[in-house]
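>
Residue numbers (my numbering): 413 to 693.
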């Protein structure tokens with residue numbers, strides 16, 4: 413049976429979410445989600461807990477991960493993997509490699525923030541970390557809000573942690589072909605996450621779509637929590653042009669800190685092939 417309310421991108425405390433994996437599943441179920449993927453950043457350590465909770469509630473669940481990728485001129489893009497074998501050793505080794513540089517980057521971020529007048533950021537960010545192996549910009553953002561430098565996490569990213577801002581530190585993540593290859597090799601579907609959030613020109617975006625398709629990428633998030641109506645129409649057109657499967661995803665991180673709550677999304681536009689048909693068959 414095809415899902416009526418799928419949500420194929422969200423986060424838990426295993427990466428930078430506010431809720432434990434089981435609590436994410438419970439909230440999704442309460443919101444009427446009938447197909448869920450937990451997609452923590454570069455980490456699959458929460459999948460077992462989430463799968464157990466989903467089975468208890470009768471909620472259909474597929475494995476997920478969101479992989480950080482270096483692209484172009486110091487840009488970071490995110491590739492979501494769906495419905496893969498979490499035991500695949502090549503995928504697991506690749507994710508471990510991507511995670512390994514996060515702590516060193518965090519130390520440098522704290523140093524840059526100190527120069528801008530925000531001291532104690534590394535220790536402050538650690539208070540919000542659920543997984544010691546994965547400290548991220550979101551954890552720094554929560555500390556900066558706590559200190560009163562910004563009213564919310566979104567504002568922190570805009571003024572402190574985005575490229576060109578005081579706390580931004582570049583980092584070499586996975587290559588695009590590597591991330592897609594790990595996902596495909598584990599039997600999964602690779603999807604471009606929230607395409608409207610990258611600071612790319614129209615030409616650069618098209619270059620990304622072509623490169624993604626050429627290395628085996630199959631899907632794009634047409635509906636995402638951060639997409640406006642115009643972007644939804646734009647990415648529906650991109651899906652049709654490039655033959656991408658269409659995904660629907662909130663990118664939920666926690667109550668009061670997300671563009672959209674779990675399952676609270678518009679439907680996919682007509683005329684697209686949903687990503688879940690790849691495994692429903």
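C-beta: ideal position from N, C-alpha, C; glycine also.
Can you name, in chain order, every residue of its own chain whose Cβ lies under 8 angstroms from the Cβ of residue 694, other than the five neighbours on each side?
Residue numbering for the chain in the displayed model covers 413 to 693; residue 694 lies beyond these limits and cannot be assessed.
> Is it the case that the Cβ atoms of residue 599 and residue 473 are separated by a distance below 8 angstroms?
No, the Cβ-Cβ distance between residue 599 and residue 473 is not below 8 angstroms.
> Could you pull the start and end residues of the beta strand (DSSP E) that residue 513 belongs to?
Segment: none, residue 513 is in no beta strand (DSSP E) and carries neither H nor E.
> Take residue 498 as the anchor and find which of 673, 601, 539, 648 has the nearest alpha-carbon.
Of the listed residues, the one whose Cα sits closest to residue 498 is 601.
> Output the distance between the C-alpha atoms of residue 569 and residue 610, rounded to the nearest integer angstrom.
Answer to the nearest angstrom: the Cα atoms are 13 angstroms apart.
> Would the segment 548 to 556 and the segment 502 to 513 be scored as touching if the rule is three or more Cβ pairs under 8 angstroms?
With the cut-off at 8 angstroms, the segment 548 to 556 and the segment 502 to 513 do not touch.
> Looking at the structure shown, is residue 633 part of a helix, part of a strand, or coil, going by DSSP?
Of the three classes helix, strand and coil, the one that applies to residue 633 here is strand, per DSSP.
> By Cβ distance below 6 angstroms, which residues in the same chain neighbour residue 548 in space, the five residues on each side in sequence not counted?
So the list reads 428, once near-sequence residues are dropped.
> For residue 573, I'd like the list of residues in its chain whose CB is within less than 7 angstroms of its CB, leaving aside the five on either flank, ordered along the chain.
These residues qualify, in order along the chain: 549, 552, 553, 579, 580.
> Excluding the five sequence neighbours on either side, which residues of its own chain have a C-beta within less than 8 angstroms of the C-beta of residue 686, listed in chain order?
Within the same chain, residue 686 has close Cβ partners 414, 418, 657, 658, 659, 660, 680.
> Please report how far the alpha carbon of residue 708 lies from the alpha carbon of residue 438, in whole angstroms.
The first residue shown for the chain is 413 and the last is 693, placing residue 708 beyond what the model contains.
> Look at residue 694 and residue 489 and say whether their C-beta atoms are less than 8 angstroms apart.
In the structure displayed, the chain extends from 413 to 693; residue 694 sits before or after that span and is not available.
> Give the secondary structure of residue 478 by DSSP, where H, G and I count as helix, E and B as strand, and everything else as coil.
Note: residue 478 maps to strand in three-state DSSP.
> Measure from the alpha carbon of residue 542 to the alpha carbon of each residue in 665, 615, 674, then state which is nearest.
Looking at the Cα atoms, 665 is the closest of the given residues.
> Cα-Cα, which of 593, 493, 468, 464 is closest to residue 478?
When each option's Cα is compared against that of residue 478, the closest is 493.
> Please report the Cβ distance between residue 604 and residue 633, rounded to the nearest whole angstrom; I am assuming they are in contact, meaning their Cβ atoms lie under 8 angstroms.
Their Cβ separation, rounded to whole angstroms, is 7 angstroms, which keeps residue 604 and residue 633 in contact under 8 angstroms.
> For residue 607 and residue 647, what's the separation of their Cα atoms in angstroms?
Going from the Cα of residue 607 to the Cα of residue 647 covers about 8 angstroms.
> Tell me whether residue 688 sits in a helix, a strand or coil according to DSSP, three-state version.
Of the three classes helix, strand and coil, the one that applies to residue 688 here is coil, per DSSP.
> Please list the segments of the beta strand (DSSP E) lying wholly inside the segment 560 to 617, counting only runs of 3 or more residues, in order along the chain.
601 to 604, all fully within the segment 560 to 617.
> Would residue 500 and residue 471 be called neighbours here (beta carbons separated by less than 8 angstroms)?
Against a cut-off of 8 angstroms, the Cβ pair of residue 471 and residue 500 comes out as no contact.
> Which residue comes first and which comes last in the beta strand (DSSP E) that contains residue 659?
It spans 657 to 661 - the beta strand (DSSP E) in which residue 659 sits, taken as one unbroken run.
> Fully enclosed by the segment 439 to 506, which beta strand (DSSP E) runs are 3 residues long or longer?
For the segment 439 to 506, whole beta strand (DSSP E) runs of length 3 or above, ordered along the chain, are 447 to 450, 472 to 483, 487 to 494.
> Of all the options 677, 683, 690, 692, which has the alpha carbon lying nearest to the alpha carbon of residue 440?
Out of 677, 683, 690, 692, 677 has the C-alpha closest to the C-alpha of residue 440.
> Starting from residue 536, trace the alpha helix (DSSP H) in both directions and tell me its first and last residue.
That run of the alpha helix (DSSP H) goes 533 to 538.
> Report yes if the CB atom of residue 458 is closer than 8 angstroms to the CB atom of residue 450, and no otherwise.
It is a contact, given that the beta carbons lie within the stated cut-off.
> Classify residue 544: buried if its beta carbon has 16 or more other beta carbons within 10 angstroms, exposed otherwise.
So residue 544 ends up on the exposed side.
> Count the other CB atoms, across all protein chains shown, that sit within 10 Å of the CB of residue 483; report buried if there are 16 or more and exposed otherwise.
It is buried - the Cβ of residue 483 has at least 16 other Cβ atoms within 10 Å.
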